[in-house]
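Quick mapping for you: the protein sequence lines, in order, are chains A and B.
Here our numbering is used: position 58 in the first sequence is 58, and no number is missing along the way.
Count along the second sequence from 1, add 350, and you get the number used in our numbering.
Backbone N, C-alpha and C fix where the C-beta goes; we use that ideal spot for every residue, glycine too.
A short write-up of the structure that comes next.
There are 2 protein chains.
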Amino acid sequence: MPDPTSDPQRDARPTLEAVAARAGVSRATASRVVNGGAGVRRPLVERVREAVDELGYIPNHAARTLVTRRNGAVAVIIDEPEFRIFSDPFFSRQIRGISRELNAHDAQLVLLLVEGSGDFDRVTRYLAGGHVDGVLAFSLHTDDELPAIIRRFRVPTVYGGRPEHLATDAEGAPQVPYVDCDNRGGAREAVRHLVSLGRRRIAHIAGPRDQTSALDRIDGYQDALPDAGPELIADGDFTTEGGARAMAELLAAHPDLDAVFVANDMMASGALRVLRERGVRVPEDVAVVGFDDMESVAEATEPPLTTVRQDVEGMGRLMVRLLMERLNSDTGTWPESVITPTELVRRASA
Amino acid sequence: MPDPTSDPQRDARPTLEAVAARAGVSRATASRVVNGGAGVRRPLVERVREAVDELGYIPNHAARTLVTRRNGAVAVIIDEPEFRIFSDPFFSRQIRGISRELNAHDAQLVLLLVEGSGDFDRVTRYLAGGHVDGVLAFSLHTDDELPAIIRRFRVPTVYGGRPEHLATDAEGAPQVPYVDCDNRGGAREAVRHLVSLGRRRIAHIAGPRDQTSALDRIDGYQDALPDAGPELIADGDFTTEGGARAMAELLAAHPDLDAVFVANDMMASGALRVLRERGVRVPEDVAVVGFDDMESVAEATEPPLTTVRQDVEGMGRLMVRLLMERLNSDTGTWPESVITPTELVRRASA
DNA sequence: CTGAAAGCGCTAACAC
DNA sequence: GTGTTAGCGCTTTCAG
């Protein structure tokens with residue numbers, strides 16, 4: 001905290017006391033009204049409300065937190081290694097969903113960026129300090145310390161994306177609620193679509209293997225193509241350039257391929273560029289299906305991209321809702337994880 | 351705030367009282383030690399420290415805030431219209447700088463996304479509620495209500511990027527401290543570099559005219575080329591596609607151009623692609639200079655991009671430092687705005 | 001249904 | 001130097 005030596009703005013905001021006085025009631029009654037007004041007679045409620053308006057009363061959060069032990073804030077924790085997701089429209093959408101839903105619950109979003117193990121101390125202190133009611137955590141890595149910290153301090157948490165290692169309780173039931181889209185099912189559908197188009201040599205450009213979304217999409221590809229060898233899978237990194245590179249490799253190794261399922265739209269856009277540069281016609285020669293349905297990308301490609309849509313913003317909102325459900329449950333039991341459905345969006349590329 | 355009907359986790363964290371008891375001192379002394387330990391004799395300091403460790407004591411933030419009236423949190427406010435900047439690596443870098451510097455000051459980052467005028471109420475309540483010690487606000491629009499709100503509640507604020515309309519005090523001195531890079535100077539340097547290379551028909555691909563950074567870069571371009579007509583300026587939108595479009599227009603209208611200064615790297619990357627597709631050699635036929643120096647973009651282009659570097663992360667840190675300076679100043683006077691220098695980074699494209 | 005009173009955990013005068 | 005004592009503004013029993 002900044003050096004608290006000065007206080008340039010010792011503002012005298014009205015207190016509940018003042019409201020009560022003005023309304024001619026006790027502080028207790030004023031408090032009841034401010035918090036919904038249950039069990040207070042109408043006329044009093046109105047007098048208090050008026051006083052609130054006239055005085056421009058706004059409750060003091062710190063005082064309230066001190067007694068209720070709830071602070072109306074949720075931390076969004078992002079691992080620095082994953083921080084690049086920040087520059088992914090995908091993530092900005094999810095944050096937007098989170099922000100919206102949090103607003104609806106009158107809760108604040110505290111952003112915690114973790115940049116390597118040095119920062120875990122800080123985050124630990126922060127969580128241990130009970131500054132937030134809950135946590136939303138994103139795409140953890142294999143050896144991430146975060147889950148352990150979170151478990152240790154029993155901070156209610158919802159994960160975004162299926163965590164690599166699902167913790168399980170004594171009965172073997174997963175103890176880590178998360179929200180993810182049906183990556184595997186969506187991928188399967190995409191590839192089946194390609195098959196139904198009569199394509200026979202269907203390649204896959206995969207995302208980084210340390211992300212479960214990429215792994216799950218590979219699984220979906222293989223579900224639909226049980227006989228396809230791993231040589232038809234090229235590795236990408238979810239960036240446009242990575243997609244372009246992978247496409248070039250694939251073209252070199254398998255000149256006969258007639259379709260490619262790409263694990264996200266950014267890479268698909270790179271792949272399309274390479275195909276265009278090589279004079280390969282899409283979809284006539286090679287059909288292409290992406291994943292994500294980021295309109296800004298999928299509608300701007302040439303030709304427009306057929307892709308698997310996932311409701312990213314909705315997933316963000318869902319994360320918040322799961323968390324709130326838990327926070328408001330008396331039993332302290334967790335809601336189930338949610339796998340949201342995907343949907344194939346047909347455009348021109350396949 | 352979520353419905354406070356339940357409290358599944360009524361944890362009994364140790365209080366200062368407990369620490370004091372264990373160390374055999376008064377709460378006051380314990381407090382002094384926890385807050386730096388100035389004016390407490392060594393042996394006592396150590397006993398208290400031990401007690402803190404043994405008990406795993408962590409100060410209760412709410413209680414502290416209640417009395418100090420400081421809450422160790424800073425809001426970062428982003429206008430939804432500008433929310434796309436989220437998906438700009440530029441912004442993610444700035445946020446990172448902010449986050450780092452805030453951590454260094456032990457302050458938290460509260461993210462406030464504004465999505466249209468409906469949300470101003472919420473933000474107003476939040477700021478008025480005194481939940482944060484200060485505000486960092488980004489790229490406001492012409493008719494933005496935010497500055498008014500901020501002024502009304504006298505929340506210490508630093509802006510990121512030169513605000514469109516600089517508020518001035520009675521003496522006409524600007525009252526809005528901001529951090530921005532020297533957009534105009536950087537642009538000027540870029541174009542002068544092109545001139546020094548012997549280029550004579552130098553075009554400009556500009557950013558959206560409602561952003562001061564774009565406007566300032568246009569000014570810099572014109573500084574260096576006082577005789578260039580406005581027809582050599584094409585409008586872009588800071589995206590790759592926009593840059594490609596603008597480049598195509600320019601090529602059609604001015605087949606004789608031999609250089610182009612592009613207002614950011616993303617657009618430059620799109621422009622380079624178009625030039626390549628048309629068989630225009632870079633830099634032989636047309637030299638290209640970008641702006642930003644986002645390595646991920648500028649180093650990946652073909653050829654690598656000569657561009658104007660700005661220290662984005664540093665600017666984020668600076669914003670925090672200005673804010674903290676203000677928060678810790680007894681006089682409540684504002685530090686000056688800061689314009690950070692830019693630097694031409696030569697690669698292969700010019 | 002309303003009010004009185006007791007704190008929540010901490011800091012900051014003010015004494016000693 | 002260190003301890004004592006008031007609160008900070010609010011919620012919440014508990015009486016009435």
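Determine the chain B residues that contact residue i at a beta-carbon separation under 7 Å, and present them in chain order.
i       : result
T65(A)  : A412
N103(A) : R472
Output needed for residue i: all residues of its chain with C-beta closer than 7 Å, excluding positions within five of it in sequence on either side, in chain order.
i       : result
N614(B) : G557, F588, G640, F641, D642
G386(B) : none
T474(B) : I499
Y221(A) : A187, V191, H204, F261
R659(B) : D643, T692, E693, V695
D357(B) : Its pLDDT being 35, under 50, D357(B) is placed unreliably by the model, and the measurement read from it follows with that caveat. So the list is empty, once near-sequence residues are dropped.
List the residues of chain A that residue i touches, going by C-beta distances under 7 Å, in chain order.
i       : result
I408(B) : R125, A128, G129
Q458(B) : V110
A650(B) : E241
Pick out whichever of the options has its Cα sitting closest to the Cα of residue i.
i       : options                            : result
G536(B) : R450(B), D469(B), D569(B), P576(B) : D569(B)
D227(A) : R200(A), T331(A), L323(A), T307(A) : R200(A)
V688(B) : D530(B), A413(B), Q561(B)          : D530(B)
A21(A)  : R42(A), N35(A), G39(A), R49(A)     : R49(A)
F153(A) : V110(A), L127(A), A63(A)           : L127(A)
S699(B) : G406(B), E634(B), R659(B)          : E634(B)
D182(A) : T342(A), V19(A), R347(A), R346(A)  : T342(A)
F120(A) : N35(A), L109(A), R100(A), D144(A)  : D144(A)
G236(A) : I150(A), R209(A), T124(A), T307(A) : R209(A)
V114(A) : A107(A), R122(A), V158(A)          : R122(A)
Q458(B) : N421(B), A618(B), P409(B)          : N421(B)
P653(B) : R659(B), M644(B), G664(B), V638(B) : V638(B)
Y528(B) : E539(B), R534(B), E514(B)          : E514(B)
R347(A) : V110(A), V33(A), T331(A), V297(A)  : V297(A)
R382(B) : L496(B), V402(B), M616(B)          : V402(B)
F441(B) : D573(B), M644(B), T683(B)          : M644(B)
R534(B) : S546(B), G548(B), Y509(B), A574(B) : A574(B)
If the criterion is Cβ atoms closer than 7 Å, does the pair residue i and residue j meet it?
i       : j       : result
L394(B) : A380(B) : no
I202(A) : L194(A) : yes
V262(A) : A271(A) : yes
H105(A) : M319(A) : no
L462(B) : A498(B) : no
A244(A) : V274(A) : yes
L66(A)  : L565(B) : no
I77(A)  : A137(A) : yes
L655(B) : A609(B) : no
H481(B) : H61(A)  : yes
V110(A) : A73(A)  : yes
M266(A) : T240(A) : yes
G479(B) : I58(A)  : yes
A246(A) : A234(A) : yes
Apart from the five residues just before and just after residue i, which ones in its own chain have a Cβ nearer than 6 Å to its Cβ?
i       : result
G666(B) : Q444, G447, I448
L607(B) : R551, A553
R512(B) : Y528, D530, T562
A23(A)  : R47, V48, A51
P14(A)  : L55, Y57
Residues of chain B with CB under 9 Å from residue i, in chain order?
i       : result
S99(A)  : L461, L462, L463, E465
E145(A) : Within 9 Å Cβ-Cβ: nothing; E145(A) doesn't reach chain B, min ~17 Å.
For residue i, which residues in the same chain have their Cβ closer than 8 Å to its Cβ, ignoring the five residues on either side in sequence?
i       : result
P156(A) : D133, G134, V135, L323, R326, L327
G389(B) : R382
L102(A) : V74, Q108, L109, V320
At 9 Å on the CB atoms, spell out the chain A contacts of residue i, in chain order.
i       : result
R363(B) : A128, G129, G130
Could you name each continuous alpha helix (DSSP H) segment of 4 residues or more that falls completely within the region 257-335 of chain A, going from the start of the chain to the end?
You should have 265-277, 295-298, 312-327.
Completely contained alpha helix (DSSP H) runs for the region 430-490 of chain B, where each covers 4 or more residues
With a minimum length of 4 residues, the continuous alpha helix (DSSP H) runs that stay inside the region 430-490 of chain B are 439-454, 468-478.
Where in the region 43-80 of chain A do unbroken runs of the beta strand (DSSP E), each at least 3 residues long, occur, reported from the N-terminal end onward?
Qualifying beta strand (DSSP E) stretches, in chain order: 73-79.
Going along the chain, which unbroken runs of the alpha helix (DSSP H) with 4 or more residues stay wholly within the region 357-386 of chain B?
Complete alpha helix (DSSP H) runs here, min 4: 366-373, 377-384.
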